[in-house]
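Here's the structure, in structure tokens; my notes come after.
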Amino acid sequence: MPGRRHALVASIVASLTVLLLITYTKVGRGELLQYVSPPNAAETKAAPGPKYLPKPSWIPLPIKDPFPALAASTPPPVPTWNAPKRELHKKYGINYAPPLLIGFTRTWPILLQAVVSYITAGWPPEQIHVIENTGAQRANEQGKLSLQNPFHLDYAQLKNLGVNIIRTPVLMNFAQLQNFYIHLSHEHNWPFYFWSHMDVLVLSYEDGLEGVTPGANKEGYKTVYELCLTELRHAMNSNERWAEKFFAYDHLTLVNREAYDDVGGWDTFIPYYLTDCDMYSRLRMRNWTQNDAKAGIIIDVNTVLDDFQAFYRNHTVEPAFRDPNPPDPKPDGGKRADELNEKRSLNDEYAYYKKLKALAEQMRRYKLGDRGRNTWQVSQVGGQGEPFYYPSRGIAEAIDLLTEAGREVYRRKWGHRDCDLIESTILKVEDQWLVAKDWD
């Protein structure tokens, strides 16, 4: 009968369905269990522990505050002959106070020395802008980073000096920081601006320089700031298509923003070394000029004075310097930086300025020694447990890696390895990333 036949077919289909489900479930469960079931004890192996790098054989001593008096009081007065005249820029036909931008990422004593030396050499503090480029957000402003932290920056001391502080939104590499300067120049309507490295010591030509300025005790004397204004006025009034004026290469630089805009700013894919070669070469390819000028004694240093009151000509302080990252003491009694300072009596025939000038030259030579120019960058090794902590060793190694990557970008971009694109090639801006390498 049809009803029985349909019932039989339905029964067979149901039975097959159940059988298939049971089979599938067993197979699926078995496949699943092979992933979640614990292995046999004999097969279990402990994960190997981390293999740590050897600890440094020598750790720098904790750095000292080179200007402790500044934390509790206002700074001493600037030497009278270097004290800047109010709104001096207007005398030179400049309708805004041109800023001096000094970028900071790490090593507070080196930065503070640069700022204090600029101020005591005659630069108006209100025109100095320290660019905090630590990536630590508001931690420094809130006083949360200790002196031994590489990113430590003392807002209170800088404000006591009367300078401005601008904080970058994130940690930037050198090329990015330069582009940030361009951004600031647009935001604040600065068609021309000065920028300086932070690892410099600055003195005005207080003993005079023929053809540049008479000495501080003579009429017509000009400080480093006034000589920079003189150069800016001359550049503004000339028909020259100029990009920069270099004072001691780019340790102190006057920038024409229009030129930087014309070439598209700095190449951020070349973050550190060789990025200057790339930028300055592109400017010259676009027929922008770069000239040297004299404004003062601007010395590249990796050491700091023992007491910054020496900049204010406190004659109770004997000028001397120390290395913020001194070398491992030599078993043979080798001398360190603080032992290399030539001791002179305060009553000898040299004026205090001569002592400072001679000491600055010693500091320059010390930086050119066999330990390398940038040892100061690893002088602070503390900060563990503080906000935005990053190991000093990691900062140094990461920058080295990025630097080498940037060198390779430069090589591929121009098909050339060295910083002599203008002298050794006939490349144009349009040739970037289009040429094969020119070496074997």
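Numbering follows the working numbering, with no gaps: position 370 of the sequence shown is 389. For each residue, glycine too, the CB sits at the ideal point set by N, CA and C.
Ranges of the beta strand (DSSP E) found wholly within the region 113–179, counting only runs of at least 3: 119–123, 147–151
Helix, strand or coil for Asn321? Go by DSSP, reduced to three states. coil
Between the Cα of Leu89 and the Cα atoms of Gly388, Tyr331, Ala314, Ala377, which residue gives the shortest distance? Tyr331
Just mark Lys110 as buried or exposed, buried being the case when its beta carbon has 16 or more other beta carbons within 10 Å. exposed
Interface flag, Trp261 vs chain B, CB-CB below 8 Å: Absent from the structure: chain B. Only one protein chain is present.
Where Tyr268 and Val274 are concerned, what is the direct C-alpha to C-alpha distance, given to the nearest angstrom? 13 Å
Contact under 8 Å by Cβ, Asp319 with Lys386: yes
Restricting to Cα atoms, I'd like to know which of His108, Ala379, Asp419, Ala175 is closest to His253. His108
Out of curiosity, what's the CA-to-CA distance linking Asn152 and Ala65? 43 Å
Terminal residues of the continuous beta strand (DSSP E) containing Arg105? Careful: Arg105 lies outside any beta strand (DSSP E) and carries neither H nor E.
By DSSP's criteria, Phe340 is part of a beta bridge. Which residues make up the other side? Leu324
By DSSP's criteria, Tyr212 is part of a beta bridge. Which residues make up the other side? Val274
Hey, out of Val400, Ala417, Ile418, Leu420, whose CA is closest to Ser411's CA? Val400
Those residues which DSSP pairs with Ile185 across a bridge: Ile150
For Ile418, name the three-state secondary structure that DSSP assigns. helix
Please classify Glu245: is it buried, with 16 or more other beta-carbons within 10 angstroms of its beta-carbon, or exposed? buried
Can you look up Ala455 in the DSSP assignment and give me helix, strand or coil? coil
Between the Cα of Ile100 and the Cα atoms of Lys178, Glu442, Ala140, which residue gives the shortest distance? Looking at the sequence itself, residue 100 is Trp, so the reference to Ile does not match. The candidate whose alpha carbon is nearest that of Trp100 is Ala140.
CA-to-CA distance, Ser215 to Gln381, given in whole angstroms: 21 Å
Can you check DSSP and say which residues form a bridge with Glu263? Val274, Gln309
Straight-line gap, Ala262 to Arg303 (C-alpha atoms, nearest Å): 9 Å
From the DSSP output, in three-state form, read off Thr242 for me. coil
Just the C-alpha distance for Phe288 and Lys376, rounded to the nearest angstrom, thanks. 39 Å
Short check: CB of Ala102 to CB of Gln146, under 8 Å? no
Going straight from the alpha carbon of Lys447 to that of Gly434, what length do you get? 12 Å
Extent of the continuous alpha helix (DSSP H) run through Leu203: 193–206
Coarse secondary structure for Leu375, derived from DSSP in three states: helix
Please list the terminal residues of the continuous beta strand (DSSP E) segment that includes Leu220. 219–222
Distance check for Phe193 and Pro436, CA to CA, integer angstroms please. One point to set straight first is that residue 436 is Arg, not Pro, in the sequence displayed. Their backbone Cα atoms lie some 20 Å apart in a straight line.
Contacting residues, own chain, Cβ-Cβ under 7 Å from Glu206 (five flanking each side not counted): none
Glu250 and Ala312: beta carbons closer than 8 Å? yes
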